[in-house]
Amino acid sequence: MARATARHILVGTEQQCQELKQQILDGADFAKLAQQHSQCPSGRQGGDLGSFGRGQMVPEFDKVVFSAPLNEVQGPVKTQFGYHLLEVTSRED
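The sequence shown begins at 1 in UniProt numbering and counts up one residue at a time.
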């Protein structure tokens, strides 16, 4: 079964998501931004979601996690929870 590890930042608006993505692209630390801005409890761990299998996350999130290149910031990804930036840190197919 396919498994992945990923981290994310969850915010309420697409604009805030875009602004944080630009900060990361400009060299800001993903984990520090997650701790400061993420509305998800995982933010305390730098956005780390640990390891999970296909189908364990909402479909919009799952689709990106199991198709995106590793270690590249993806997003904004809209789900019922808000807007996510996500980074896949490993994946086994």
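Just so you know, even glycine gets a beta-carbon here, dropped at the ideal spot from N, CA and C.
Note that the structure is predicted; figures quoted are calculated from it, not measured.
Closer than 7 Å: residue i CB and nearest the ligand GDP heavy atom
i: Gly46; result: You won't find the ligand GDP in this model; it holds no ligand whatsoever.
CB contact flag (residue i, residue j, <8 Å)
i: Thr89; j: Ala6; result: yes
i: Val40; j: Pro76; result: The identity of residue 40 in the sequence shown is Cys, whereas the question assumes Val. No, Cβ-Cβ distance for Cys40 and Pro76 is not below 8 Å.
i: Gln56; j: Gly46; result: no
i: Leu85; j: Lys21; result: yes
i: Leu10; j: Phe61; result: no
i: Leu49; j: His8; result: yes
i: Glu72; j: Phe30; result: no
Residues sharing a beta bridge with residue i, DSSP
i: Val64; result: None, per the DSSP bridge assignment.
Reduced DSSP secondary structure (H/G/I, E/B, other) of residue i
i: Pro59; result: helix
i: Ala34; result: helix
i: Glu92; result: strand
i: Gly12; result: coil
i: Gly47; result: coil
i: Gln39; result: coil
i: Glu19; result: helix
i: Leu86; result: strand
When the options are compared against residue i, the one with the closest alpha-carbon
i: Arg91; options: Gln22, Gln74, Asp29 and Val65; result: Val65
i: Thr13; options: Phe30, His37 and Gln23; result: His37
i: Ile24; options: Ser67, Lys63, Gln74 and Phe52; result: Gln74
Short CB-CB distance (under 8 Å) between residue i and chain C
i: Val77; result: Given the protein chain composition of this structure (a single chain), no chain C is represented.
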